[in-house]
Amino acid sequence: FSMAVISSALFHDGHEDLPMRAALTLGAIGLIVAVVTRALQIPFVGSLVGQLNAPLQTRWLNLGLWPASSYPVAARELASRVGKLAKISKGASVLDVGCGFGESLRLWTSDDFGAARVVGLNSAAVEVEAARKLCAGLAGVSVTEGDGANLAVAVAKDAFDAVVSVDAAYHFATRDAFLAGVAAALKPGGSFAAADVVSSARGVRRAPWLRRVFCLVAGIPMANLRLDSLRYAAKLRELGLDEIVCFDVSESVLDGFSTYAEVRSEDAYRRALGVTLAGKFIRSMRYWADVEFIIIRATKPASAATKR
């Protein structure tokens, strides 16, 4: 993984044309290490989370909304923006899909939102266990191991006032299946909001095979990049949702995290190699994979009811 990140950082110089030799080298390295990435993913992610959250000992796992004074502040702000768009309020029932290590679950039950029932869903057993420990003792919070692309198995229909996913849905195989599950899980009148990665609205301008390499290393199914922001909104309408709003926050998230991670300071947690490499990878991926980062919201009409 580190070799792929370093190569992508070295070869991306901001110009439109990539020398073929450099491109082939990047592709070969990426394909080799992609196989290893899955085996190392949880240890690497756990280490990265520790490095990023070190100042406050929190357990956030998203790219954050920048600028901010620190990573935990940025990560909390991104989750908060999603929660506000989902209209999470006092007494609400919330499904958080791809809840990571559980920080967002604590946020939904805090005084800022006041949810009465929060269900966290995650496919990674290590993260589920960590989230359960983090949220132990919080009334109304439960964490379940399950597949975000198969919500019908994990949750009941018409069960939640809000369904959220913070920087996770692009990993689900597939996101289309996840969105169908969201529409079913929402109560009539309920809202969905997500911080998500989509294809650039400008289209794919660079080599498609390079895009595949980056998505393979990042764990993004290629099927999920069929959607840009406009197609994403159309998909939500097709599922019967309305009141759709979408914001392109690529500069505040992708560029913001990359800049934060790459800047050297006296703080050891910001000098950590894993954080620096992650920032370089995110910046290179935005360029070579032609992706954008969006925050999107939709509502299930109050008159709607899911057929059983």
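This note's numbering puts the sequence shown at residues -11 to 296. Glycine included, every Cβ here is placed at the ideal spot set by N, Cα and C. Given the structure is predicted, the values throughout are model-derived calculations rather than measurements.
Cys234 in three-state terms, based on DSSP: Here Cys234 sits in strand by DSSP.
Under three-state DSSP, which class holds Asp278? In the structure shown, Asp278 adopts coil according to DSSP, grouped into three states.
Contact between the region 70 to 84 and the region 200 to 217 (3+ Cβ pairs under 8 Å): The region 70 to 84 makes no contact with the region 200 to 217; the number of CB pairs closer than 8 Å stays below 3.
Looking only at C-alpha atoms, which of Leu122, Leu44 and Ser57 sits nearest to Phe245? The shortest C-alpha separation from Phe245 is found at Ser57.
Looking at Val106 and Asp84, is the spacing between their C-beta atoms short of 8 Å? Contact: yes.
Taking Val141 as the reference, which of Asp100, Ala173 and Val154 has the closest Cα? The residue with the shortest Cα to Cα distance from Val141 is Ala173.
Meets three-Cβ-pair contact criterion under 8 Å: the region 128 to 142 and the region 176 to 192: Flag = no, the region 128 to 142 and the region 176 to 192 do not touch.
Please identify the residue among Leu122, Leu73, Pro60 and Thr264 whose C-alpha is closest to the C-alpha of Phe89. Per the Cα distances, Leu122.
Quick check on this structure: which residue in Gly128, Ala165 and Lys175 has the alpha carbon closest to the alpha carbon of Ala74? Nearest option by C-alpha distance: Lys175.
Sequence-distant residues of its chain with Cβ nearer than 6 Å to Leu198 (five each side left out): Cβ neighbours of Leu198 beyond the five flanking positions: Trp276.
What does the alpha-carbon distance come out to for the pair Ala195 and Val205? Computed Cα separation, rounded: 16 Å.
Does the Cβ of Ala290 have 16 or more other Cβ atoms within 10 Å, making it buried, or fewer, making it exposed? When all chains shown are included, Ala290 counts as exposed.
Hey, is the region 154 to 167 in contact with the region 212 to 232, meaning 3+ C-beta pairs nearer than 8 Å? Touching, yes.
If you scan the region 81 to 137 from start to end, which runs of the beta strand (DSSP E) of 3 or more residues do you find wholly inside it? For the region 81 to 137, whole beta strand (DSSP E) runs of length 3 or above, ordered along the chain, are 81 to 85, 105 to 110 and 129 to 133.
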